[in-house]
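**Student:** Pasting a structure here, questions to come.
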Amino acid sequence: MKEVLLISGFMKRTLVLLSLWFFIWFPLEAFCSTGNTSSSSNPKVINIGALFTLNSVIGGATKPALLAAIDDVNSNPNILNGIELKLILRDTNCSGFIGTMEALQLMESDIVVAIGPQSSGIAHVISHVVNELHVPLLSFGATDPTLASLQFPYFLCTTHSDYFQMYAIADVLDYYGWREVIAIFVDDDYGRNGISVLGDSLAKKRAKISYKASFSPEDPKSKINDLLVEVNLKESRVFVVHANPDTGLNIFSVAKRLNMMSGGYVWIATDWLPSYLDLREAVDPSTMNILQGVVALRRYTPDTNLKKRFISRWKNLKDKGSTGPGGFNSYALYAYDSVWLAAHALEVFLSEGGNLSFSNDPKLSDTNGTALHLSSLRVFNGGQQLLQTLLRMNLSGLSGQIQFNQQRDLIHPAFDVLNIVGTGTHRIGYWSNYSHLSIVPPESLYTKPPNISSGSQHLYGVKWPGETSKVPRGWVFPNNGQPLRIAVPNRVGYKEFVSKDNSPQGVKGYCIDVFEAAINLLPYAVPHTYMLFGDGKRNPNYDEIVSLVAQNKYDAAVGDITIVTNRTKIVDFTQPYMESGLVVVALVKEAKSSPWAFLKPFTKEMWFVTAAFFLFVGAVVWILEHRINHEFRGPPRQQLITIFWFSFSTMFFSHRENTVSTLGRLVLIIWLFVVLIINSSYTASLTSILTVQQLTSGIQGIDSLISSSEPIGIQEGSFALNYLVDELNIAMSRIVKLKDPEAYLRALNLGPKAGGVAAIVDELPYIELFLTSTNCLYRTVGQEFTKSGLGFAFQRDSPLAVDLSTAILQLSESGELQKFHNKWLTHTECSIQINQEEENKLSLSSFWGLFLICGIACVLVLTLFCYRVFTQYRRFSPEDEEAEVEEIEPSRLSRRSILSTSFNNIMDFVDRKETEIKEILKRKNINESKQTSHNSNGQASSPT
């Protein structure tokens, strides 16, 4: 808002000065002759204006292009029906003040369309004028992204805005993996607003502008020298130069003198640099020498036949000035297309009944008696209609398709990605808003689905400054004499990880050795100094250390720093160099022997299923053996006892009953195999329970610790405090901070009732050292309930975090990490975790396969047995049932008695011996044979 007020104030002062100037130089009659409204229903001439700096890089190519476009329109009978376009040129002379005066004078000529200006700063001021006078402004060179806002409805950019160019640069930076850049830009609306968009586009890719260096177009080389010396002290070696074509080369000439165009540097220039180079047929070799390795973007225009024909006639165009043969840039194409866009829009405007009339603006009338004569500036009545006509135009021009989208931008923005090598530029790819980076022309991609995935982004190889093809790292350590500031926790306990030392390095420990080894693997030197954090009397707060790194008080933090979520939100961590996680340590006692220890090998479910199968298998064997084996026969009580005895005697393989049937033997073999496995497992488990030392604790793990109300010990400065309180909702009053292993030992020995703690929650690496120092008198209970690791912390987006992660992986693969671990963290191997009784019990899940096999075998055998018995019963039953039915009176026979009789008969049949049944069936067969033979003889002796 403040900037808008300044512009408005400047415009008002300009209007006052111009009005006075008009009053002095122009006769009063010239103003008085103008009526309130003038119109022409069928004009012969239509005035359009052009406003730009004639003697400039852009203006040198724009003027002949505009004149050629006017000639082509006026000589074409198919457009405007013979109406002549008259171009009125005004030179802004690279001055905002003069440009504003020239614009106001141009508006006095009753123009219907204005073309230009090339300067974004002048465009801001003139846009206020055309808004008031309703004259569409077609700019081929003002690419400031903020000009597309709703504040300037009559401004139309007929080239691609810098909004898209900055997103293209962000994609190039992301393609090469650079996360920090330095922006060098001209300090005006064009430069500031363009770099602002670059910062937004980089933020979306987790990159940033680490430093902004601005300069004025009028700055001498001495000031530019001071500017580049300052940026050269920064960390980033990637520079984005956003300047004007007329002054931007000073940046590179000074950089060359400062040896900043050598290896390791990256220079990316916006469209201004190719515009300068394209304007000249042969660029001075000394100029090309200072630009070697620069990557630049140029607005892309497709190679159409229309463009080729225009290029072929360029050298014959009149008034092309001093550009020389072939000396034109993309701005010439956009300027040429702007004239044709205006011509086609005017033709549609007139055909739709548009009226080229002007009227006085009441707000500009001299009502207060002043002599400013603002009434000379008149409003174009058809401006709004013509603006809407321009927005819906769709035609093909030299620069490609000319059509505006809903945001009033030209569709299909695209750029060439160039590399300056040798005596010219080499195209290494394209960028388009449709598919981003590619090596094929953008128009060939518009017919395919858009693809902006990282795998689809491609560019050809680049020759970087220093004539190297290797992609520069893009950063170095700041060349300002300041080494890397590394915070190191000044620990009180567990000094094996990191501690103060009297050596020149100042610190020592496992973490320091790992960090130094990783630093030595980097392909570049890293000057650094260690700075102890903490008073040495108590462990420092690690969250505070990480926070100071994020606040730029330190560049990094090295130590036993756990990687947790809240810390990763503000800093970047390296690859973990050691695994970690929270565990619970408690005082344990030797478990007393129990008189019921023989029941412990199996779970309740296992005991129940095993007993059930003993009875089930005994019953199956009794059924199979009862009809043929006298040992399984007798009174019901004796048979029941036999089933129980046989079942459980198989546990010890001491059953005295012999199995006779084949099916019974099959079931018994399978069952004895199951019993063998169960006996062996039971014996092994019981032996382990009775011989291995059993330890027990009142705390079974983190769950039982949460449910209790006893105090919990933690290490001072550890993240465990926040985790227990915030995540597990443990009361702060239960937490006891302990600073070293000796404090751990005292607290556990005292216990919760004597002012100590019930258990200690700490990370596994510390617990391993603690258990070693106590000769394994304590144990962890439960499982490790968090998973994390120890790493080194750096500021966000620090490239060192990535390089050190690679180095840590190399140390791990080479075995160096293990050597450091053995050097500093050696500990006695002991069983860390107490024996969990429930975990040692054998459950049904270990044996259900055996029970399944045995059960299936029993079911199949019983099915086969029942089928045999049913077959025998069908052969045996008919004659007996007939005899019984004849003895019973039909009137007294009921259905229920018949069923009861049949069931009793079946059970009686099953209970009979197999030999008895076979004898009955044998006699039955003999009788049937005799009966059949008798019947046959009787029939043979009867008379016929």
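Residue numbers for the sequence shown follow our numbering, so the first one is 554 and each next one is one higher. Yeah, the Cβ is synthetic: ideal placement off N, Cα and C, and Gly gets one too.
(1) Expressed to the nearest angstrom, what Euclidean distance is found between the alpha-carbon atoms of Gly613 and Ala1070?
(2) On the DSSP letters alone, give me the boundaries of the alpha helix (DSSP H) that Ala898 sits inside.
(3) Need the endpoints of the beta strand (DSSP E) that Gly977 sits in, please.
(4) Where Phe881 and Ile864 are concerned, what is the direct C-alpha to C-alpha distance, given to the nearest angstrom?
(5) Any idea what DSSP makes of Ser1482, helix, strand or coil?
(6) Consult DSSP for Gly1342 and reduce its assignment to one of helix, strand or coil.
(7) Between which two residues does the beta strand (DSSP E) containing Trp820 stretch?
(8) Between which residues of its own chain and Leu1301 is the CB-CB distance below 6 Å, once the five residues before and five after are set aside?
(9) I'd like to know whether the C-beta atoms of Leu870 and Thr978 end up nearer to each other than 9 Å.
(10) Looking at C-alpha atoms only, which residue of Asp1088, Leu1281 and Ser1262 is the closest neighbour of Arg1287?
(11) Buried or exposed: Ser891, going by 16 or more other Cβ atoms within 10 Å of its Cβ?
(12) Among the residues of its own chain, which have a CB less than 6 Å from the CB of Thr712, if the five just before and after it don't count?
(13) By a C-beta neighbour count over all protein chains shown, 10 Å radius and 16 as the cutoff for buried, is Leu940 buried or exposed?
(14) Buried or exposed for Met1285, going by 16 or more other Cβ atoms inside 10 Å?
(15) Out of Lys809, Ala760 and Gly801, which has the shortest C-alpha to C-alpha gap to Val782?
(16) Near Leu894, what residues of its chain come up, given a Cβ to Cβ distance below 8 Å and the 5 sequence neighbours on each side ignored?
(17) If you draw a straight line from the alpha carbon of Ile964 to that of Gly1368, how long is it in whole angstroms?
(18) Quick one: measure Cβ to Cβ for Ile1114 and Ala1346, integer angstroms, because I've assumed they're closer than 8 Å.
(19) Can you tell me the Cα-Cα spacing of Thr696 and Pro798, whole angstroms?
(20) For Arg1445 and Ser1214, what's the separation of their Cα atoms in angstroms?
(21) Would you list the one or two residues that DSSP bridges to Asn972?
(22) CA-CA distance, Thr1212 and Arg1421?
(23) Classify Ser769: buried if its beta carbon has 16 or more other beta carbons within 10 angstroms, exposed otherwise.
(24) Establish whether the CB of Met1131 and some CB of chain B are separated by less than 9 Å.
(25) So within the segment 605 to 667, which uninterrupted alpha helix (DSSP H) runs reach at least 4 residues, ignoring any that extend past its ends?
(26) Glu1435 by DSSP, collapsed to three states: which one?
(27) Could you tell me the boundaries of the beta strand (DSSP E) in which Tyr1047 lies?
(28) Residues in the same chain with beta-carbon distance under 6 Å from Ala766, minus the five sequence neighbours each way, listed in chain order, please.
(29) Since Glu718 is in the alpha helix (DSSP H), which residue starts that stretch and which ends it?
(30) Distance, Cα to Cα, Lys1153 vs Leu1239?
(31) Using 8 Å for Cβ pairs, my map puts Leu638 next to Asn627. What's the rounded Cβ distance?
(32) Would you please state the rounded distance, in angstroms, between the beta carbons of Val970 and Val725? I believe it to be under 8 Å.
(33) Work out the CA separation of Lys757 and Gly1308 for me, nearest whole Å.
(34) So what's Arg833 in DSSP terms, helix, strand or just coil?
(35) Going along the chain, which residues of its own chain have a beta-carbon closer than 8 Å to the beta-carbon of Ala760, five neighbours each way excluded?
(36) Hey, Phe968 and Gln718 are a contact pair by Cβ (cut 8 Å); roughly how many whole angstroms apart?
**Tutor:** The answer reads as follows:
(1) 60 Å
(2) Ser883 to Ser904
(3) Gly977 to Ser985
(4) 9 Å
(5) helix
(6) strand
(7) Val819 to Ala822
(8) For Leu1301, same chain residues with a beta-carbon under 6 Å away, outside a window of 5 residues either side, are Leu1140 in chain order.
(9) no
(10) Ser1262
(11) buried
(12) Within the same chain, Thr712 has close Cβ partners Phe693 and Tyr887.
(13) buried
(14) By the Cβ neighbour-count rule, Met1285 is exposed, with fewer than 16 other Cβ atoms within 10 Å of its own.
(15) Lys809
(16) Excluding sequence positions up to five before and after Leu894, its CB lies within less than 8 Å of the CB of Leu691, Thr711, Leu943, Met946, Leu948, Gly950 and Ile955, all in the same chain and listed in chain order.
(17) 57 Å
(18) 6 Å
(19) The straight-line gap from Cα to Cα measures roughly 14 Å.
(20) Confidence in Arg1445 is poor, its pLDDT being 45 and thus under 50, which makes the residue's placement too unreliable to answer from.
(21) Val848 and His979
(22) Taking the CA atoms as reference points, Thr1212 sits about 18 Å from Arg1421.
(23) It counts as exposed.
(24) Included in the structure is just one protein chain, with no chain B present.
(25) DSSP runs (the alpha helix (DSSP H)) wholly in the segment 605 to 667: 610 to 627 and 649 to 660.
(26) Legend: pLDDT at Glu1435 = 45, less than 50; position of this residue unreliable, value from coordinates given subsequently. Of the three classes helix, strand and coil, the one that applies to Glu1435 here is helix, per DSSP.
(27) Careful: Tyr1047 lies outside any beta strand (DSSP E) and carries neither H nor E.
(28) Ile737, Leu780 and Val784
(29) The displayed chain sequence assigns Gln, not Glu, to residue 718. Per DSSP, Gln718 belongs to the alpha helix (DSSP H) from Asp715 to Tyr728.
(30) 7 Å
(31) 6 Å
(32) 7 Å
(33) 54 Å
(34) coil
(35) Ala723, Leu726, Asp727, Trp731, Arg732, Glu733, Val734 and Asp1350
(36) About 6 Å; that satisfies the 8 Å criterion.
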